[in-house]
Amino acid sequence: MKKILLMFGVASVLNASAQTPCENGFAFVYPCENVDLMSVLDRQDMGGGANMNDIWGWTDPDTGVEYALVGRSNGTSFVDISDPLNPLYVGNLPSAIAGDNLWRDVKVYGHYAVIVSEHGDHGMQIFDLNKLADVDSYPAEFEADAHYTGFGHAHNVAVNEESGYAYGVGTSSFGGGLHIVDINDPLNPVLAGGYQESGYTHDAQIVNYKGPDEDYSGAEIAFAFNDDVVAIVDVTDKADCQLITHASYDFVSYIHQGWLTEDQRYLLVDDEIDELTFNQNLRTHMFDVQDLDNPVYLGYFDHGISSSDHNQYIKGNYSFQSDYSSGFRILDISDVSEGSLSLAGYFDIFPDYDQAGFDGTWSNYPYFESLNVVVSTYDALFVLRPIDAIMVGTEELTASAVEVSVSPNPAADVLTLHLANATGGKINIQIVDMSGRAVREYVQLPLLGNSINLNVADLPSGSYLIKVGDQEQQTVRMIKQ
443 MKKILLMFGV ASVLNASAQT PCENGFAFVY PCENVDLMSV LDRQDMGGGA
493 NMNDIWGWTD PDTGVEYALV GRSNGTSFVD ISDPLNPLYV GNLPSAIAGD
543 NLWRDVKVYG HYAVIVSEHG DHGMQIFDLN KLADVDSYPA EFEADAHYTG
593 FGHAHNVAVN EESGYAYGVG TSSFGGGLHI VDINDPLNPV LAGGYQESGY
643 THDAQIVNYK GPDEDYSGAE IAFAFNDDVV AIVDVTDKAD CQLITHASYD
693 FVSYIHQGWL TEDQRYLLVD DEIDELTFNQ NLRTHMFDVQ DLDNPVYLGY
743 FDHGISSSDH NQYIKGNYSF QSDYSSGFRI LDISDVSEGS LSLAGYFDIF
793 PDYDQAGFDG TWSNYPYFES LNVVVSTYDA LFVLRPIDAI MVGTEELTAS
843 AVEVSVSPNP AADVLTLHLA NATGGKINIQ IVDMSGRAVR EYVQLPLLGN
893 SINLNVADLP SGSYLIKVGD QEQQTVRMIK Q
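Numbering (the numbering used here), first residue to last: 443 to 923.
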């Protein structure tokens with residue numbers, strides 16, 4: 443643990459400096475590949491408590507400010523990451539029950555945070571996130587705007603933002619299964635129903651179904667992660683939820699969480715304890731769920747390390763995973779239909795070891811428009827930036843017939859932008875920093891041939907995105923020395 447204490451001791455230095463690019467396999471002291479370090483904020487600098495846990499995100503639609511919503515043992519922290527190099531601790535919402543508890547979970551509905559805890563009679567807090575923009579003195583101390591007491595403790599909460607329902611799981615009601623709350627009027631949450639036939643639910647994803655199975659088109663479907671099975675449940679009628687089927691696999695230990703691909707054809711699942719139970723490597727399990735009545739197990743991806751997995755979220759062709767001691771990992775899921783995944787990048791926030799167990803990262807949130815990712819550990823908030831090829835997406839990068847590259851990279855003074863297949867004309871170019879701010883813009887720049895030189899000598903050191911074109915933009919990363 444000495445190494446970890448040293449890392450957090452320099453968090454303030456990291457916050458005050460430029461981002462730390464992943465170069466030669468490291469960003470500062472953290473092993474990495476294709477993921478840069480923007481900043482680290484220590485737990486003691488964002489509300490304290492015995493530990494941190496879950497994380498989610500919210501963007502103020504009026505200001506564009508991005509916030510990390512970070513669970514702690516004794517409350518919820520709100521952190522402005524619009525300047526990812528200098529995250530700002532805005533304030534704290536204390537726990538509904540005094541004292542510490544390891545587990546807290548937070549999700550979002552509109553401009554409201556929905557928060558639960560395993561702590562006694564905590565219930566579900568609902569907090570108006572619009573308050574964050576009105577803070578005059580940091581950090582502020584907040585109060586909840588509504589408090590649902592239809593259950594006491596809950597291990598987790600899932601929110602279907604399309605339908606306006608929150609699903610408490612692991613409560614003392616409905617056998618620990620789905621406890622469904624109507625939050626369409628967030629300040630007046632109302633019990634809508636529940637589902638208990640499949641037993642205790644640890645986590646869930648609930649969607650308005652738009653996948654290929656026409657039998658359930660338009661239905662509200664829950665994918666509940668229930669110890670040794672995934673329960674697929676039609677929850678359209680909250681008073682009469684119907685099991686569609688159970689799915690599982692050999693050598694199951696504890697199905698912890700999972701997430702659907704964006705087309706709702708495939709489901710990726712993490713088993714939290716199989717590494718410990720069977721002395722095996724970290725695995726990500728895959729299901730074909732195109733026929734909801736008959737899901738097909740496609741196999742698993744072996745990460746080649748023995749750490750345990752915890753949470754994952756899918757954006758585009760990538761799964762963003764928090765895998766305890768092996769840290770934040772990104773899988774390319776482009777070939778999931780073939781039962782094939784591959785490692786696209788990682789950032790090891792716990793470099794002491796990669797063993798099975800529960801040290802390291804708890805969760806992450808990869809959906810900010812700035813393309814930064816926030817990652818929670820027991821002790822700190824990490825703001826990370828995967829390379830543009832991952833966050834922008836392969837489809838956008840190849841949308842134009844012009845292929846873009848830069849040299850030298852890193853660059854100190856003059857950067858050459860190479861535009862393969864270009865034959866002259868005029869072009870628009872933007873240089874954007876990692877906070878999403880355009881620091882330089884060239885409009886209708888004459889292009890003679892297929893390359894152009896850009897003077898970057900006066901840019902501060904760090905990582906930048908160079909965006910070329912208008913409707914079909916190409917994006918490439920540049921590191922300024």
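Built from N, CA and C at the ideal position, the CB exists for glycine as well. Please read all numbers here as calculations on a predicted model, not as lab measurements.
Strand pairing of residue i, partner residues [DSSP]
{"i": "Met566", "result": "Val558 and Tyr590"}
{"i": "Ala510", "result": "Gly499 and Val521"}
{"i": "Gln699", "result": "Asp712"}
{"i": "Leu813", "result": "None, per the DSSP bridge assignment."}
{"i": "Thr819", "result": "Thr803"}
{"i": "Arg882", "result": "Ile873"}
{"i": "Tyr669", "result": "It is Asp, not Tyr, that sits at residue 669 in the sequence shown. Answer is Ile697, bridged to Asp669."}
{"i": "Gly547", "result": "Before going further, note that residue 547 is Asp rather than Gly in the sequence given. The partner list for Asp547 (beta bridge, DSSP) reads Val558."}
{"i": "Val910", "result": "Ile871 and Gln916"}
{"i": "Ala469", "result": "Tyr472"}
{"i": "Val478", "result": "The question names Val, yet the displayed sequence has Asp at residue 478. Note: Asp478 sits in a beta bridge opposite Arg827."}
Contact under 9 Å by Cβ, residue i with residue j
{"i": "Asp801", "j": "Ser767", "result": "yes"}
{"i": "Ser515", "j": "Ser812", "result": "no"}
{"i": "Leu633", "j": "Val623", "result": "yes"}
{"i": "Gly653", "j": "Gln732", "result": "yes"}
{"i": "Ile873", "j": "Ile908", "result": "yes"}
{"i": "Ser695", "j": "Phe743", "result": "no"}
{"i": "Met494", "j": "Tyr755", "result": "no"}
{"i": "Asn528", "j": "Ser559", "result": "no"}
{"i": "Pro503", "j": "His564", "result": "no"}
{"i": "Gly610", "j": "Gly641", "result": "no"}
{"i": "Gly606", "j": "Lys680", "result": "no"}
{"i": "Tyr551", "j": "Val601", "result": "yes"}
{"i": "Asn476", "j": "Ile775", "result": "no"}
{"i": "Ala862", "j": "Val848", "result": "no"}
{"i": "Ala822", "j": "Ile772", "result": "no"}
{"i": "Ile497", "j": "Val881", "result": "no"}
Where the alpha helix (DSSP H) through residue i begins and ends
{"i": "Asp796", "result": "From DSSP, Asp796 is part of no alpha helix (DSSP H); its letter is neither H nor E."}
{"i": "Met833", "result": "Asp830 to Met833"}
Three-state class that DSSP yields for residue i in the structure shown
{"i": "Lys573", "result": "helix"}
{"i": "Thr719", "result": "helix"}
{"i": "Asp676", "result": "strand"}
{"i": "Gln915", "result": "coil"}
{"i": "Gln732", "result": "coil"}
{"i": "Gln923", "result": "coil"}
{"i": "Pro827", "result": "With the sequence shown as reference, residue 827 is identified as Arg, and Pro is not the correct amino acid for it. Of the three classes helix, strand and coil, the one that applies to Arg827 here is strand, per DSSP."}
{"i": "Glu656", "result": "helix"}
{"i": "Asp645", "result": "strand"}
{"i": "Gln706", "result": "coil"}
{"i": "Leu839", "result": "The predicted position of Leu839 is uncertain, since its pLDDT is 34 and thus under 50; a value taken from the coordinates is nonetheless stated next. Looking at Leu839 - three-state DSSP - the assignment turns out to be helix."}
{"i": "Asp744", "result": "strand"}
{"i": "Asp692", "result": "coil"}
{"i": "Ser459", "result": "At Ser459 the pLDDT is 44, less than 50, meaning the model places this residue with poor confidence; the figure from the coordinates comes in the next sentence. Ser459: coil per DSSP, three-state reduction."}
{"i": "Asp487", "result": "helix"}
{"i": "Gly904", "result": "strand"}
{"i": "Ser764", "result": "strand"}
{"i": "Ala634", "result": "strand"}
{"i": "Thr505", "result": "coil"}
{"i": "Asn528", "result": "coil"}
{"i": "His727", "result": "strand"}
{"i": "Asn493", "result": "coil"}
{"i": "Asn650", "result": "strand"}
{"i": "Tyr739", "result": "strand"}
{"i": "Ala853", "result": "strand"}
{"i": "Ala661", "result": "coil"}
{"i": "Ala582", "result": "strand"}
Beta strand (DSSP E) segment containing residue i, residue limits
{"i": "Phe770", "result": "Phe770 to Asp774"}
{"i": "Glu780", "result": "Glu780 -> no beta strand (DSSP E), and no H or E assigned at all."}
{"i": "Ile539", "result": "No beta strand (DSSP E) contains Ile539, which DSSP labels as neither H nor E."}
{"i": "Cys474", "result": "Tyr472 to Glu475"}
{"i": "His688", "result": "Gln684 to Ala689"}
{"i": "Gln638", "result": "Element bounds for Gln638: n/a, residue is neither H nor E."}
{"i": "Thr803", "result": "Thr803 to Tyr807"}
{"i": "Gly787", "result": "Ser784 to Phe789"}
{"i": "Ile756", "result": "Asn753 to Lys757"}
{"i": "Leu859", "result": "Val856 to Ala862"}
{"i": "Asn895", "result": "Ser893 to Asn897"}
{"i": "Ser849", "result": "Glu845 to Ser849"}
To test your reading of the DSSP string, which unbroken alpha helix (DSSP H) runs of 4 or more residues are found completely within the segment 586–632? Taking only runs of at least 4 residues, no alpha helix (DSSP H) segment lies wholly in the segment 586–632.
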